[in-house]
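Note that the sequence shown covers residues 65 to 464 in our numbering.
Virtual Cβ for every residue (Gly too), placed ideally from N, Cα, C.
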Amino acid sequence: MATRRRALAQRRVAMGFTQETLAEALGVERSTVARWELGAQVPTPGIRRRLADALTLPLYDLVALLEAGPSQASFDLGNVGSVVFHPLTGGDVVERIHDATQQIQTADRRLGGGALYGSVSTYLATQVAPQLVVSTAGISARQLFAAAASVTGIAGWMAHDTGDDQAARGYFDRALRLSLGGDDDALTANACASMAHLAVEHGQPVDGMRMAEKGLQRVRAAEDALRLEARLHAMRARALAQLGDRAACIEALDASQRSLDLAVGSGHARWIAGFDEGALASEAALSFLHLGELGEAEASAREAIRLRSNDDRVRSLVFARITLAAVLVRTARSQEAAMVGTEVCAAAGSLKSGRAVAKLGALGMALRGAPVSAERAEFLAAAASVTGAQRSGIDEAWPI
Numbered sequence: 065m066a067t068r069r070r071a072l073a074q075r076r077v078a079m080g081f082t083q084e085t086l087a088e089a090l091g092v093e094r095s096t097v098a099r100w101e102l103g104a105q106v107p108t109p110g111i112r113r114r115l116a117d118a119l120t121l122p123l124y125d126l127v128a129l130l131e132a133g134p135s136q137a138s139f140d141l142g143n144v145g146s147v148v149f150h151p152l153t154g155g156d157v158v159e160r161i162h163d164a165t166q167q168i169q170t171a172d173r174r175l176g177g178g179a180l181y182g183s184v185s186t187y188l189a190t191q192v193a194p195q196l197v198v199s200t201a202g203i204s205a206r207q208l209f210a211a212a213a214s215v216t217g218i219a220g221w222m223a224h225d226t227g228d229d230q231a232a233r234g235y236f237d238r239a240l241r242l243s244l245g246g247d248d249d250a251l252t253a254n255a256c257a258s259m260a261h262l263a264v265e266h267g268q269p270v271d272g273m274r275m276a277e278k279g280l281q282r283v284r285a286a287e288d289a290l291r292l293e294a295r296l297h298a299m300r301a302r303a304l305a306q307l308g309d310r311a312a313c314i315e316a317l318d319a320s321q322r323s324l325d326l327a328v329g330s331g332h333a334r335w336i337a338g339f340d341e342g343a344l345a346s347e348a349a350l351s352f353l354h355l356g357e358l359g360e361a362e363a364s365a366r367e368a369i370r371l372r373s374n375d376d377r378v379r380s381l382v383f384a385r386i387t388l389a390a391v392l393v394r395t396a397r398s399q400e401a402a403m404v405g406t407e408v409c410a411a412a413g414s415l416k417s418g419r420a421v422a423k424l425g426a427l428g429m430a431l432r433g434a435p436v437s438a439e440r441a442e443f444l445a446a447a448a449s450v451t452g453a454q455r456s457g458i459d460e461a462w463p464i
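Pasting the structure below:
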């Protein structure tokens, strides 16, 4: 007996299609789409690419969606393993969402946001969001809102990593509102930290500092959130560096370090991704680079690389190396910068991160005017094979 492909139908609805409009977009009959969803027919290889594009899914996620059984959707991620989205039924919905977020974050930091962005956005729209409008006995509404805020925030970071900052901005906005609905101080502060990061990345330091300070106000009421407090201080430092306030920037970096020191041996706030010494070193490197203190920037970048070389945060290691290369360019050490850039290009092939690709492109532009060398030529050839990603603007007013 054929098994209905409910996840396929849910993705279609989430993307705003009826069976008729999807059929029209693909140039097939409505009955064909109906048979796909009933499990009576499989899309031919020739049409799968168009179907994946219409549903804004990577092709491998569409294949997983078509082949998944009725009880769950599972996405194979090669040597990382797989992420399994269990159906959200019964009394343990919140625990199932939490389990999914842990799997997603592990895959994300190893592979980049593009690896699961389509799947996570579908999971959010078709599995998590409906939980907020149905009555489920024994499940706290506040816990459901907190769970939804967490997944929404993760989707925002994945959108940002793919280069779609407009979508990221929308997700972070909704994560903030959901966290307020769940009365969760840590998640509210976390949303503020995410928006502060996005603002600073777009050269909006006044907005970034304001949101970081709002987050610091909320985080003080949260339990086991010292690492999140450290992250907010680091975001404030980034903003202050862009404003050229060296003394206040260093004070904020010191505050971040103090929070991390206090966090040793303490618990971790639920739903909140960790912030550690490697993350602080990376933020410090970017802050010092903006201040023009290149010696401090290089030392911090090398420390981030050292710390990230011993854990599973592949994307963070790539970004730390790109920061180091930028410092080396600024200190007229173009051959060293090119060698570091070539290492990053090798990693970029397995890392689905539009941000990493865009930063590599910027490094390539910076090195085009450098003296000719074998190292420079090797890097430029490697970088040329990487397709750049355009980032969207975020000109709307911030919610806080």
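Distances from the alpha-carbon of Gly202 to those of Asp249, Asp156 and Leu152 put Asp156 closest. Contact between Val421 and Ala411 fails: their C-beta atoms lie close to 11 Å from each other, not under 8 Å.
Distance between Ala445 and Arg282, taken at the CA atoms: about 48 Å.
By the criterion of a C-beta distance shorter than 6 Å, Gln74 is surrounded in its chain by Thr190, once the five residues flanking it on both sides are discounted. Setting aside the 5 residues that flank it on each side, Lys278 is surrounded in the same chain by Cys256 and Ile464, each with a C-beta closer than 6 Å to its C-beta; the list follows chain order. In summary, Leu123 is exposed, with fewer than 16 beta-carbon neighbours lying within 10 Å of its beta-carbon over all protein chains present.
Less than 8 Å separates the beta-carbon of Ala303 from that of Met273. In the DSSP assignment, Thr406 falls within the alpha helix (DSSP H) that extends over Ser398 to Ala412. Secondary structure of His266 (DSSP, three-state): coil. Contact annotation: the segment 159-178 does not touch the segment 96-105, with fewer than three C-beta pairs closer than 8 Å. In the structure shown, His162 adopts helical secondary structure according to DSSP, grouped into three states.
For Ser320, the three-state secondary structure derived from DSSP is helix. Counting only runs of 4 or more residues that sit fully inside the segment 65-127, the alpha helix (DSSP H) segments are 70-78, 83-90, 94-102 and 109-118, in chain order. Counting along the chain, Glu360 sits inside the alpha helix (DSSP H) bounded by residues Leu358 to Arg372. In this structure Ser323 does not touch His354 by the C-beta definition: roughly 22 Å separates them, more than the 8 Å allowed.
The three-state reading of DSSP puts Leu240 in helix, counting H, G and I together. Here the alpha carbons of Thr120 and Pro107 stand approximately 16 Å from one another.
In the displayed model, His332 falls within coil according to three-state DSSP, outside both helix and strand.
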